[in-house]
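Q: Protein chains in written order, with the numbering used here: chain A, 1 to 10; chain B, 1 to 212.
Each residue gets a CB set at the ideal place from its N, CA and C atoms; glycine is no exception.
What follows is a structure written as structure tokens; I'll ask about it next.
Here it is in structure tokens:
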């Protein structure tokens, strides 16, 4: 399941 | 946030502190690739500009500010403060061969064709190869100060820890970030040779030396 990414990682 | 990511980030933080400590105590940036450090500034600036318009958490915000400012400070130490100790003649990897393809890749592979998203993809691709000038320099000189190898080990550990973090997130949140994962796997793979020598030599108390 590929979800839209929020870029919450550093 | 999970423990893999937390320890990964802390390891990243530690790597920068080790590098700063090395430069300050030896008053020298010998053995450190300026090109790799300059690429990291590019990576952080390209990726973390969102700190001005996208709030994630205080943790996220402080880390971004730290990574941008410390990487710029390291460039200052190398180019100004301890300039005579930096020898550009052994830092010969062509960084433009990395930046160019990463721009192209980012234009092709991104989650949305917008400026911030392309910039984000670019930073992810560039980070995955930014260590190459440093590893190339190591290969060329064939040896490294122990403290420099600890810096690289902490940096490699940060990348390695992000992998179980993605596996964990896949099962707990059902999310996969294919761009970050593929680039992250490439980046971690680049450290394999280094880690082999680090574990078999440096951690056994020997000097980091590559076979001739």
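Comparing the CB of residue 108(B) with every heavy atom of the ligand COA, is any distance shorter than 7 Å?
A: For the ligand COA, the structure offers nothing, since it holds no ligand at all.
Q: How about residue 60(B): is its C-beta nearer than 8 Å to some C-beta of chain A?
A: Position 60 of the second chain, counted from the start, is the residue given in the question as residue 60(B). It does: the Cβ of residue 60(B) has a partner Cβ on chain A nearer than 8 Å.
Q: I believe residue 159(B) touches residue 191(B) by the beta-carbon criterion, under 8 Å. Please report the beta-carbon distance rounded to the nearest angstrom.
A: In the second chain, residue 159(B) corresponds to position 159, counting from 1. In the second chain, residue 191(B) corresponds to position 191, counting from 1. About 7 Å separates the two Cβ atoms, so the contact holds.
Q: Is the Cβ of residue 63(B) closer than 8 Å to any Cβ of chain A?
A: Along the second chain, read from residue 1 onward, the residue named residue 63(B) stands at position 63. At least one chain A Cβ lies under 8 Å of residue 63(B).
Q: May I have the straight-line CA-CA distance separating residue 51(B) from residue 41(B), to the nearest angstrom?
A: By 1-based counting over the second chain, the position of residue 51(B) is 51. By 1-based counting over the second chain, the position of residue 41(B) is 41. For residue 51(B) and residue 41(B), the distance between alpha carbons rounds to 15 Å.
Q: Per DSSP, which one or two residues make a beta bridge with residue 208(B)?
A: The residue labelled residue 208(B) in the question sits at position 208 within the second chain. DSSP lists 144(B) as partners of residue 208(B).
Q: Would the beta-carbon of residue 185(B) fall within 8 Å of that of residue 98(B)?
A: Locating residue 185(B) in the second chain gives position 185, where the first residue counts as 1. Locating residue 98(B) in the second chain gives position 98, where the first residue counts as 1. No.
Q: Looking at the unbroken alpha helix (DSSP H) that takes in residue 9(B), where does it start and where does it end?
A: Mapped onto the second chain, residue 9(B) falls at position 9. 3-26 is the span of the alpha helix (DSSP H), which, as asked, contains residue 9(B).
Q: Check for me: the alpha helix (DSSP H) holding residue 120(B) runs from which residue to which?
A: Along the second chain, one-based indexing puts residue 120(B) at 120. Unbroken alpha helix (DSSP H) run through residue 120(B): 115-129.
Q: To the nearest angstrom, report how far apart residue 114(B) and residue 46(B) are at their CA atoms.
A: Here the question's residue 114(B) lines up with position 114 in the second chain. Here the question's residue 46(B) lines up with position 46 in the second chain. Approximately 13 Å between the Cα atoms of the pair.
Q: Which residues in chain A sit within 9 Å of residue 5(B), going by Cβ to Cβ distance?
A: The sequence position of residue 5(B) within the second chain is 5, counting from 1. Correct list: 9, 10.
Q: Can you give the Cα-Cα distance for residue 173(B) and residue 9(A), rounded to whole angstroms?
A: The count along the second chain starts at 1 and reaches residue 173(B) at position 173. The count along the first chain starts at 1 and reaches residue 9(A) at position 9. Near 14 Å, if we compare the C-alpha coordinates of residue 9(A) and residue 173(B).
Q: Once DSSP output is grouped into helix, strand and coil, what is the label at residue 60(B)?
A: If you number the second chain from 1, residue 60(B) lands on position 60. Helix, per DSSP.
Q: When the distance is taken between beta carbons, is residue 156(B) closer than 8 Å to residue 210(B)?
A: Position 210 of the second chain, counted from the first residue, corresponds to residue 210(B). Position 156 of the second chain, counted from the first residue, corresponds to residue 156(B). No. Outside cutoff.
Q: Helix, strand or coil for residue 135(B), going by three-state DSSP, please let me know.
A: Looking up residue 135(B) in the second chain gives position 135. Three-state result, residue 135(B): helix.
Q: Could you tell me whether any Cβ in chain A is nearer than 8 Å to the Cβ of residue 87(B)?
A: Start at 1 with the first residue of the second chain, and residue 87(B) comes out as number 87. Not closer than 8 Å to any Cβ of chain A, the Cβ of residue 87(B) fails to qualify, so no.
Q: Whether or not the segment 104-124 of chain B and the segment 85-93 of chain B are in contact is what I'm after, with contact meaning three or more pairs of Cβ atoms, one per stretch, closer than 8 Å; do they touch?
A: No: fewer than three Cβ pairs fall under 8 Å.
Q: Terminal residues of the continuous alpha helix (DSSP H) containing residue 53(B)?
A: For this step, residue 53(B) is matched to residue 53 along the second chain. Premise fails: residue 53(B) is in no alpha helix (DSSP H) and is neither H nor E.
Q: Residues of chain D with a CB under 9 Å from the CB of residue 56(B): which are they?
A: Structure shown: chain D not included; protein chains present are A and B.
Q: What number of angstroms, rounded off, separates the C-alpha of residue 201(B) from the C-alpha of residue 31(B)?
A: In the second chain, residue 201(B) corresponds to position 201, counting from 1. In the second chain, residue 31(B) corresponds to position 31, counting from 1. Between residue 201(B) and residue 31(B), the C-alpha separation is close to 18 Å.
Q: Pick helix, strand or coil for residue 7(A), following the three-state DSSP scheme.
A: Residue numbering aside, residue 7(A) sits at position 7 when the first chain is read from its first letter. Residue 7(A) falls in the coil class under three-state DSSP.
Q: For residue 1(B) and residue 53(B), I'd like the C-alpha separation in whole angstroms.
A: By 1-based counting over the second chain, the position of residue 1(B) is 1. By 1-based counting over the second chain, the position of residue 53(B) is 53. Straight-line Cα distance between these residues: approximately 21 Å.
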